[in-house]
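Here the structure comes first, spelled out in structure tokens, and everything after it is commentary.
2 protein chains.
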Amino acid sequence: MATVSENDLLTQLRWRYATKEFDPSATIPADTWDTIEQSLVLTPSSFGLQPWKFLVLTNPGKKSELLEHSWNQRQVVDCSHFVVIAAPTKVGDQEIQSWIDCIATTRNVSPESLAGYQQIMEGFLGNLDDAARLAWAHRQIYIALGQLMTTAALLGVDACPMEGFAPPEYDRLLQLSERNLTASVACALGYRSSDDKYASVPKARFERQAVIEHLP
Amino acid sequence: MATVSENDLLTQLRWRYATKEFDPSATIPADTWDTIEQSLVLTPSSFGLQPWKFLVLTNPGKKSELLEHSWNQRQVVDCSHFVVIAAPTKVGDQEIQSWIDCIATTRNVSPESLAGYQQIMEGFLGNLDDAARLAWAHRQIYIALGQLMTTAALLGVDACPMEGFAPPEYDRLLQLSERNLTASVACALGYRSSDDKYASVPKARFERQAVIEHLP
Numbered sequence: 001m002a003t004v005s006e007n008d009l010l011t012q013l014r015w016r017y018a019t020k021e022f023d024p025s026a027t028i029p030a031d032t033w034d035t036i037e038q039s040l041v042l043t044p045s046s047f048g049l050q051p052w053k054f055l056v057l058t059n060p061g062k063k064s065e066l067l068e069h070s071w072n073q074r075q076v077v078d079c080s081h082f083v084v085i086a087a088p089t090k091v092g093d094q095e096i097q098s099w100i101d102c103i104a105t106t107r108n109v110s111p112e113s114l115a116g117y118q119q120i121m122e123g124f125l126g127n128l129d130d131a132a133r134l135a136w137a138h139r140q141i142y143i144a145l146g147q148l149m150t151t152a153a154l155l156g157v158d159a160c161p162m163e164g165f166a167p168p169e170y171d172r173l174l175q176l177s178e179r180n181l182t183a184s185v186a187c188a189l190g191y192r193s194s195d196d197k198y199a200s201v202p203k204a205r206f207e208r209q210a211v212i213e214h215l216p
Numbered sequence: 217m218a219t220v221s222e223n224d225l226l227t228q229l230r231w232r233y234a235t236k237e238f239d240p241s242a243t244i245p246a247d248t249w250d251t252i253e254q255s256l257v258l259t260p261s262s263f264g265l266q267p268w269k270f271l272v273l274t275n276p277g278k279k280s281e282l283l284e285h286s287w288n289q290r291q292v293v294d295c296s297h298f299v300v301i302a303a304p305t306k307v308g309d310q311e312i313q314s315w316i317d318c319i320a321t322t323r324n325v326s327p328e329s330l331a332g333y334q335q336i337m338e339g340f341l342g343n344l345d346d347a348a349r350l351a352w353a354h355r356q357i358y359i360a361l362g363q364l365m366t367t368a369a370l371l372g373v374d375a376c377p378m379e380g381f382a383p384p385e386y387d388r389l390l391q392l393s394e395r396n397l398t399a400s401v402a403c404a405l406g407y408r409s410s411d412d413k414y415a416s417v418p419k420a421r422f423e424r425q426a427v428i429e430h431l432p
């Protein structure tokens, strides 16, 4: 066990905020980025199906192409690493088979021994129409977004989650449509600028008793 | 800064798994639970609107009522703390006003000075129909679920996220419908049983290069 102290955890969660201005000259070190990627891979998901692709943009030219389709939010270009999380528009039997094969290989068992689990997943997704499957995938992606923001904060990396962009334009520029993917949400990561006044404003949240209820 | 080491972070993320069997005699200590609640309160959300209620169940009788509506998954009753996250079925101007008032109080500014921000939020939600607003709230809730699972893992607390339950029955038993809330997702928290064979099977994930792509 390598658990983290309650104090360190809360200190970092209070330190984080949706960064408005990144320092464009500050780059996330390779080993820290590697840890963030490992954390992304470890993200939990429903049935373990991992219905996502993480697209990492560091090229200034490529990031610039996205700017005008991102409500001109400068975080897209000023951050160190810009991550677009894409959802599969059609999750189905093929993805389930890939996942079964992955489990079988990892655990050194036959795919056939996982037939019951496979049927449960096929039954679950089979009951959803295309729109509901995509909504399900989007929700899983937000687990990854949550873990990504928490991981970044713990490592002292700043982040800004971004829903404010035009998915059709992202899908076109990143060639997602032809791969049956669509941009779900994005996250800019890097280091806050010393000019960002939002870094020092008091963090606003509803009172604990307004959002947490203990049932008798 | 009280950042966490990359090694400790990854160790804990690898330690976590979707717990199948909880030790029913193991209770999360009060101070640890307090930290988890503080983490929940600090969860980021779109516009900061926090469209969620966290319902915490520890009463064995109450948890038992949910069991049959949870595919009889024993985690509901054997865990220490069972959290149901409920989404508001109608997020609107009232919630936005509460949030504006919260920011104004926290930052000691007038609500009027936040009128521009208020209009952006009203415009965003005003463009969504009821179903789209609820879908938006569900996605925010999955950020909270992600942060909850990560936080728990870092503190050495086991968790099992649960989508497998009947929301209408939860809504009825927890009296959510009359409050314009609906159960979105749940998470059982506590400590793994030494009998849980899933605790020791190798963690399966797609290869990093299958889910993360670096764009040129």
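Heads up: the sequence lines are chains E and L, in that order. Going by our numbering, the first sequence opens with residue 1, and the numbers climb by one from there. Going by our numbering, the second sequence opens with residue 217, and the numbers climb by one from there. Heads up, the beta-carbon is just placed ideally off N, CA and C, and yes, glycines get one too. None of the values given here were measured: they were computed from a predicted structure.
Taking the C-beta atoms as reference points, V299 (chain L) is found nearer than 7 Å to C403 (chain L). Listed by position along chain L, the residues whose Cβ is nearer than 7 Å to that of C102 (chain E) are A420 and F422. Only residues of its own chain outside the window of five on either side were considered, and among them V185 have a CB closer than 7 Å to the CB of E163 (chain E), listed in chain order. Using a Cβ-Cβ cut-off of 9 Å, S39 (chain E) is close to L225, L226, L229 and T366 of chain L, given in chain order. Counting of Cβ neighbours within 10 angstroms places I336 (chain L) among the exposed residues, the total staying below 16. By the neighbour-count criterion, in which a residue is buried when 16 or more other Cβ atoms sit within 10 angstroms of its Cβ, A87 (chain E) is buried. In this structure, the CA atom of L256 (chain L) is about 23 Å from the CA atom of I85 (chain E). A direct Cα-Cα distance of roughly 11 Å separates G264 (chain L) from E311 (chain L). If only complete runs of 3 or more residues are kept, the region 181-208 of chain E shows the beta strand (DSSP E) at 181-190, in order along the chain. Relative to P29 (chain E), the option among E:G190, E:S70 and E:E213 whose CA is nearest is E:G190.
N288 (chain L) and S5 (chain E) have their C-alpha atoms roughly 34 Å apart. The CB of Q266 (chain L) comes closer than 8 Å to the CB of R205, F206 and V211 in chain E, given here in chain order. If you ignore the 5 residues before and after P267 (chain L), its C-beta comes within less than 8 Å of the C-beta of S261, A303, P304, V307, E311, W352, A353, Q356 and I357, all in its own chain and listed in chain order. With contacts defined as CB atoms closer than 7 Å, G362 (chain L) and I212 (chain E) fail to qualify as a contacting pair.
Cβ neighbours of T58 (chain E) within its own chain (closer than 8 Å, five residues either side excluded): S80, H81 and F82. Below the 7 Å Cβ cutoff, chain E contributes V56 as neighbours of H430 (chain L), in chain order. At least one CB atom of chain L sits nearer than 7 Å to the CB of H138 (chain E).
By the criterion of a C-beta distance shorter than 7 Å, A320 (chain L) is surrounded in its chain by S326, P327 and L330, once the five residues flanking it on both sides are discounted. Neighbours of N59 (chain E) in chain L, taken as residues whose beta carbon is under 8 Å from its own, are L431 and P432 in chain order. Sorting L:L282, L:V292, L:Q313 and L:K236 by C-alpha distance to the C-alpha of S416 (chain L) places L:K236 at the top.
Y414 (chain L) counts as exposed, since fewer than 16 other beta carbons sit within 10 angstroms of its beta carbon. Neighbours of L181 (chain E) in chain L, taken as residues whose beta carbon is under 7 Å from its own, are absent, since the nearest beta carbon is some 10 Å off. The beta carbon of P240 (chain L) is closer than 7 Å to those of D294 in its chain, skipping five residues each way along the sequence. Neighbours of D31 (chain E) in chain L, taken as residues at a C-beta separation under 8 Å, are given in chain order as E222. L148 (chain E): member of the alpha helix (DSSP H) spanning D130 to L154, first to last residue. For P88 (chain E), the secondary structure class from DSSP, reduced to helix, strand or coil, is strand. With respect to chain L, the C-beta atom of S46 (chain E) has a partner C-beta closer than 7 Å. About 6 Å separates the Cβ atoms of L173 (chain E) and L66 (chain E), confirming a contact at the 8 Å cut-off. For E213 (chain E), the beta-bridge partners assigned by DSSP are L:L271.
A115 (chain E) sits in a helix when the DSSP states are folded into three classes.
Boundaries of the beta strand (DSSP E) harbouring D158 (chain E): D158 to M162, taken from the DSSP string.
Between L229 (chain L) and A369 (chain L), the C-beta spacing is below 7 Å.
Taking 4 residues as the minimum length, the alpha helix (DSSP H) runs contained wholly in the region 31-76 of chain E are 60-67, in order along the chain.
The beta-carbon distance between L392 (chain L) and L215 (chain E), rounded to whole angstroms, is 11 Å. This is too long to meet the 8 Å contact definition. Between F381 (chain L) and S280 (chain L), the C-beta spacing is not below 7 Å.
In the displayed model, A320 (chain L) falls within a helix according to three-state DSSP.
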